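Enquirer: Before I ask anything, let me first share the structure, which is written out below as structure tokens.
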Amino acid sequence: MTEPPAGAEPADPALPDPALPDPALPGPALPDPALPDPASLDPAILDTVVVGGGSPLRGTVRTPGDKSISHRALLLAALAPGTSELRGLSDGDDVRRTEVAVGALGARVDRPEGAAGVVVVEGGRSRLRPAPGPLDLGNSGTGMRLLAGVLAGLPFRSELRGDASLSGRPMDRIAEPLSAMGATVVGRGPRHLPPLAVTGAALRGIDWTPAVPSAQVKSAILLAGLDATGETVVREAVPTRAHTEELLAAAGARVAVESWGSGRLVRLRASELSPLTLRVPGDPSQAAFWVVAGCVVPGSRIVVEGVYAGAERVGYLGVLVRMGADVRWHPGGTGGLGATDVVVRHGPPLAATTVDAAEIPSLDEIPALVVAAAVAQGTTVFRDVAELRVKESDRLHAAVALARAFGASARAEGDQLEVTGVGPGGRLHHGRFDSGGDHRMAMAAAVAGLAAGAGESELTGFGAVATSYPGFLGDLCALGGAARSSAPRVPDPARGGQRTGAEPRPGADRSVVAIDGPAGSGKSTLSRALAARLGVERLDTGAMYRAIAWAALRRGVDPADTDAVAELARSVDLEVGHDTTTVDGVDVSAAIRSAEVSRVVSVVAANPEVRRQLVARQRQWAELHPGGVVEGRDIGSVVFPGARVKVYLTATPAERARRRREEEAVDMARRDHLDSTRPASPLAVAPDARVLDTTGRSIEDVVNEVASWL
């Protein structure tokens, strides 16, 4: 079976405006979903950034959980009867959209208060029902294609929508096989552009050979095949990422993988899945940006921890080694399923090479490799990469523009891309680059800016990074790079007007969204989701106090000994990341949430010298991050009194006790009393804070309301 040749979607004057109702979509119109159009929100604080070069990058970084695995884990957890526990999911907007979608379809999705980085899903086909409105996948082609495979086997009609970019991406490559299995899949025009209507049915297995190797097509067919009669077979001339097969096997599906010539054949029979318990390893496609940065920024040494190391995902490492890069990896590193640590050092000059698409089946790492090619001696040729034209943007065109913007030469012809680098005798120069709303092009441009030496580059469209790697700029700064926000203008409530991030700020707190409230009110859940929505960093200050309390207990220090605990606050090496907290290099993310720590943390937090030390660290954090969401108990009242938006969350005692399962209600009441009556920075509502009761409200509803205040 075949599909139309890959390439840019041809103009079709007969296609309706994506914003208008589509007569090709059967069935009654569905009401608008609760989730707003992302384009209607505050323009991302970091939509335009300035990246400075000239400094080496040094240190250790952990990328977000693998995006591809995260999508699949959520979908399989929704189908599996029982309770799945998923740790380390990608924190980008793409995966969040899939999470919201499975919840709208009836799976129960919970992020337990106090369990950082954990998502609990109660699933099963018997729970799944029609969503109350269209399912908005934002910018996520993976989310849309895989979810269509799930919906093909469910006995109701669903509508899948996306943003302007996703609405231009062809879905015929999944519509054709899913229709052959018995479902009805209808989009706009001959290539089935979104919005996409999927009407499920009793399915039958098929034997399918995609014309273009695609893990998304394979996965959609296999997810549909879970409930199909007979055997479902997918044949790949070139092996693509195997996440779906791996997770199906982990969930007990009747799946088998065989060699098929130089490719792979996957067989599947109808299966009832078992719940998953999974730690998601780091995303290798995001790691590619740091690996290339280590190769092209003089003096750099970077360790990327816990990266998924499946053969189809790390082909770019072999390409870089072939170019002469000093890159090493150590399987069995500090992550979950199939993880490795990657170590890269800036070394000998890079040399051009030829890269076949089969080495990098998804092509996701091509933007990063274009930067390596722009620095190398000679002309690097990327062959059979026409598929780049139908990614989040026309990446083939964007790659040429990227290389030229920073001083290299490039051209694209047919399905081939050529980049001629500046070589060891030259250097990239700083420039301006618009990502076109493509997250990978934005991050690749940031790496080019780091490699361009002293000076600054201006990058627009950077807010798209929130779809996959919201903490990218924070990690860039932590490694020693320089970045700051710039135009376009962002709201400054204190001025009643606008300001540009490039202006000197009257205190770092102007770029902070402050979230305060007692235990169990929903601070962590809201701050995590809001930071992902805005594409900014998040700081959990409560984790800092818990870490000091943990250190005191671990070292036999009485938490009430004010001098000894204050000395700990001064001396320990404390790092608080997205969902991890380390003390002197030890990961204490889970340990600090224990009942033992919860019982003493208020005593530690009442110590005036501890608060002074940690408030200084919190303010320093804000100086290093151009925008962020900060949660705690005195953020708007003491730490950042000039925060651009202050939120005070509350909830009924019964609701808060339900959320904080590890604490008895009496312990929680005791903590509330201690926190609100301590002399140093008591828990209080800032005069200009907005009070928000989260009792009985969904996280989407709360995030939408807070986002509207921006």
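In this note's numbering, the protein residues as written are -10 to 699.
Glycine included, every Cβ here is placed at the ideal spot set by N, Cα and C.
Quick caveat, the model's predicted, so the values are computed rather than measured.
#1: Need the endpoints of the alpha helix (DSSP H) that arginine 372 sits in, please.
#2: Nearest to threonine 198 by alpha carbon, out of Val244, Val255 and Ala431?
#3: What number of angstroms, rounded off, separates the C-alpha of methionine 430 from the C-alpha of arginine 543?
#4: With isoleucine 291 as the anchor, note down where its beta strand (DSSP E) starts and where it stops.
#5: What first and last residue would you give for the beta strand (DSSP E) that runs through threonine 684?
#6: Does the beta-carbon of leucine 64 have 16 or more other beta-carbons within 10 angstroms, so that it is buried, or is it exposed?
#7: Among Ala328, Ala276, Gly288 and Ala388, whose alpha-carbon lies nearest the alpha-carbon of tyrosine 305?
#8: Expressed to the nearest angstrom, what Euclidean distance is found between the alpha-carbon atoms of serine 510 and threonine 571?
#9: My output table needs one value for serine 203: the three-state DSSP class, helix, strand or coil.
#10: Using beta-carbon positions only, say whether threonine 683 and alanine 640 come within less than 8 Å of one another.
#11: Alpha carbons only, please: which of Arg158, Asp152, Ser115 and Val110 is nearest the one belonging to proline 123?
#12: Candidates Val695, Ser351, Gly127 and Leu557: which alpha carbon is nearest glutamate 301's?
#13: State the Cα-Cα distance for the pair serine 457 and alanine 434, rounded to the nearest angstrom.
#14: Out of Gly171, Leu192, Glu165 and Ala67, which has the shortest C-alpha to C-alpha gap to serine 179?
#15: In the DSSP output, which residue or residues are listed as bridge partners for threonine 639?
#16: Can you give me the C-alpha to C-alpha distance between leucine 185 and glutamate 689, rounded to a whole angstrom?
#17: Taking glutamate 148 as the reference, which of Gly142, Ala137, Gln607 and Ser154 has the closest Cα?
#18: Report the rounded CA-to-CA distance for leucine 339 versus glutamine 607, giving the unit in angstroms.
#19: Can at least three beta-carbon pairs, one atom from the segment 447 to 457 and one from the segment 277 to 294, be found at a separation below 8 Å?
#20: Jot down the residue ranges of each uninterrupted beta strand (DSSP E) in the segment 240 to 283, minimum 3 residues, whole runs only, in chain order.
#21: Return the residue from the list Gly307, Leu406, Asp464 and Ala363 that minimises the CA-CA distance to arginine 416.
#22: Less than 8 Å between the CB atoms is what I'm expecting for alanine 388 and threonine 368, so what's the real figure, rounded?
#23: Distance, Cα to Cα, alanine 259 vs leucine 211?
#24: What is the rounded straight-line gap between the Cα of valine 408 and the Cα of arginine 384?
#25: Valine 593 and alanine 541: beta carbons closer than 8 Å?
#26: Please classify proline 15 as buried or exposed, where buried requires at least 16 neighbouring CB atoms within 10 angstroms.
#27: Report, in whole angstroms, the separation of the C-beta atoms of valine 50 and alanine 472, which I expect to be a contact under 8 Å.
#28: Is the distance from the Cβ of alanine 231 to the Cβ of glycine 130 below 8 Å?
#29: Who does tryptophan 698 pair with in a DSSP beta bridge?
#30: At 4 residues or longer, and completely inside the segment 77 to 161: list those alpha helix (DSSP H) runs for me, N to C.
#31: How is valine 691 classed by DSSP in three states: helix, strand or coil?
#32: At which residues does the alpha helix (DSSP H) containing serine 591 begin and terminate?
#33: Can you give me the C-alpha to C-alpha distance between alanine 239 and leucine 265, rounded to a whole angstrom?
#34: Leaving aside the five residues before and after arginine 334 along the sequence, list all residues of the same chain whose C-beta is less than 6 Å from its C-beta, in chain order.
#35: Can you tell me whether DSSP reads alanine 191 as helix, strand or coil?
#36: Looking only at DSSP bridge pairs, what is threonine 173 linked to?
Expert: Judging by the given coordinates:
#1: Element bounds for arginine 372: not the alpha helix (DSSP H) but the beta strand (DSSP E), 368 to 372.
#2: Val255
#3: Distance between the alpha carbons of methionine 430 and arginine 543: 45 Å.
#4: 290 to 297
#5: Per DSSP, threonine 684 belongs to no beta strand (DSSP E) and is neither H nor E.
#6: buried
#7: Ala276
#8: Cα-Cα distance, rounded: 25 Å.
#9: coil
#10: Contact flag set, yes.
#11: If we check each option's Cα against that of proline 123, Asp152 comes out closest.
#12: Ser351
#13: 16 Å
#14: Before going further, note that residue 179 is proline rather than serine in the sequence given. Among Gly171, Leu192, Glu165 and Ala67, the Cα nearest to that of proline 179 is on Glu165.
#15: Asp682
#16: 23 Å
#17: Ala137
#18: 40 Å
#19: no
#20: 243 to 249, 252 to 258 and 266 to 268
#21: Ala363
#22: Between threonine 368 and alanine 388 the Cβ distance is about 14 Å, and since that is not below 8 Å, they are no contact.
#23: 10 Å
#24: 14 Å
#25: yes
#26: Any reading at proline 15 needs caution, since the residue's pLDDT is 34, under 50, leaving its predicted position unreliable; the model's value is listed next. Exposed, because fewer than 16 other Cβ atoms sit within 10 Å of the Cβ of proline 15.
#27: About 15 Å; that fails the 8 Å criterion.
#28: no
#29: According to the DSSP secondary-structure assignment, tryptophan 698 is paired through a beta bridge with no residue.
#30: For secondary structure counted as the alpha helix (DSSP H) over 4 or more consecutive residues, the segment 77 to 161 holds these complete runs in sequence order: 82 to 93 and 130 to 140.
#31: Note: valine 691 maps to helix in three-state DSSP.
#32: 584 to 594
#33: Looking at the two C-alpha atoms, the distance is approximately 7 Å.
#34: Arg290 and Asp315
#35: Alanine 191 falls in the coil class under three-state DSSP.
#36: Thr188
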